[in-house]
Amino acid sequence: NAGVMQNPRHLVRRRGQEARLRCSPMKGHSHVYWYRQLPEEGLKFMVYLQKENIIDESGMPKERFSAEFPKEGPSILRIQQVVRGDSAAYFCASSTGGARNSPLHFGNGTRLTVT
Amino acid sequence: TQLLEQSPQFLSIQEGENLTVYCNSSSVFSSLQWYRQEPGEGPVLLVTVVTGGEVKKLKRLTFQFGDARKDSSLHITAAQPGDTGLYLCAGARASNTGKLIFGQGTTLQVKP
């Protein structure tokens, strides 16, 4: 049973370009979370999605950032017009239910570098 | 403002020593999880505690959830170099939509 798959592992973008980060949850998991991490820091919550629905996007910047989890295919975190401050590791996690009752399984992240 | 405060943030010890990492909050959590993260990888779940006062053991690791469900601790006995990593506590609140809130982490280095 494959774990949470994130791609690409590393992504380099110039300022102003778009970054698209993909996350395929574990089989049978319908809940997806995106987190952002700076070096040697904890994870900052960005968005929580179920299939075709955004449940909580309270951690996501209002501008330039968007996320989706379509009925078919991976979840996508999209960052438009990237700036240097967007450089970070972005982690996706999936679960069978909300985090109160279901453990999260994390992917190995996408490291975004904005030059 | 950090909802979950971890201490210490950095810890460097010799192999064989004991250590305790703390995770504190002024908020009540319905459950609390501990993760370990190695460089270049995602966090891996170590344990989930849900009942106030609960104690769980995982080999040389002992996890405790405070009686009021506002704090937790991780104690490692006879630390090994393989224990080196970033330890993260994370809590889920009953009032939340179901998201997990993370502390800022404790970086542990165990020297041989």
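First to last, the sequence lines map onto chains A and B.
Using my numbering, the first residue of the first sequence is number 382, and each one after it goes up by one.
Using my numbering, the first residue of the second sequence is number 522, and each one after it goes up by one.
Quick reminder that beta carbons are idealized off the backbone N, C-alpha and C, glycines included.
Since this is a predicted model, take the numbers as computed values, not measurements.
Practice task
Name the residue from A:Val495, A:Pro451, A:Leu493 whose alpha carbon lies nearest to the alpha carbon of A:Ser405.
Solution key: Taking the first residue of the first sequence as 1, we reach residue 405 of chain A at position 24. With distances taken between Cα atoms, A:Ser405 lies closest to A:Pro451.
At the 7 Å Cβ level, is A:Tyr429 part of the contact set with chain B, yes or no?
Translated into positions along the first sequence, residue 429 of chain A becomes position 48. Yes, A:Tyr429 lies at the interface with chain B (some Cβ there is under 7 Å from its Cβ).
Could you work out which residues of chain A lie near B:Lys620, taking near to mean beta carbons separated by less than 7 Å?
Position 99 of the second sequence, counted from the start, is the residue given in the question as residue 620 of chain B. Under the 7 Å cutoff, chain A gives Tyr414, Phe426, Tyr429, Asp437, Ala480.
Check this for me: beta carbons of B:Leu506 and B:Phe623, under 7 Å apart or not?
Since the first residue of chain B shown is 522 and the last is 633, residue 506 of chain B is not available in this structure.
ask   = Which class does A:Thr445 belong to by DSSP, given the choice of helix, strand or coil?
value = Start at 1 with the first residue of the first sequence, and residue 445 of chain A comes out as number 64. For clarity, residue 445 of chain A is Arg in the given sequence; the question names Thr instead. Note: A:Arg445 maps to coil in three-state DSSP.
So if I threshold CB-CB distances at 8 Å, which residues from the stretch 561-590 of chain B count as touching chain A?
Gly561, Glu562, Gly563, Pro564, Val565, Leu566, Thr569
Notebook entry, point to check: Using a beta-carbon distance below 7 Å, is A:Asn344 in contact with chain B?
Noted result: Missing from the structure shown is residue 344 of chain A; chain A here goes from 382 to 496 and no further.
Exercise. Quick one: list the residues of chain B neighbouring A:Phe472, beta-carbon separation under 8 Å, in chain order.
Key: Residue numbering aside, residue 472 of chain A sits at position 91 when the first sequence is read from its first letter. Gly563, Pro564, listed in chain order.
For a quick check, are the C-beta atoms of B:Leu525 and B:Trp555 less than 7 Å apart? Indexing the second sequence from 1 puts residue 525 of chain B at position 4. Indexing the second sequence from 1 puts residue 555 of chain B at position 34. No, the pair does not count as a contact, with Cβ atoms beyond the cut-off.
Notebook entry, point to check: How big is the Cα-Cα spacing for A:Glu438 and B:Gln625?
Noted result: As a working mapping, residue 438 of chain A is identified with position 57 in the first sequence. As a working mapping, residue 625 of chain B is identified with position 104 in the second sequence. Cα-Cα distance, rounded: 20 Å.
For this session: Would you kindly check if the distance between the Cβ of B:Ala613 and the Cβ of A:Ala480 is under 7 Å?
Result: Along the first sequence, read from residue 1 onward, the residue named residue 480 of chain A stands at position 99. Along the second sequence, read from residue 1 onward, the residue named residue 613 of chain B stands at position 92. Cβ distance < 7 Å, so A:Ala480 and B:Ala613 count as in contact.
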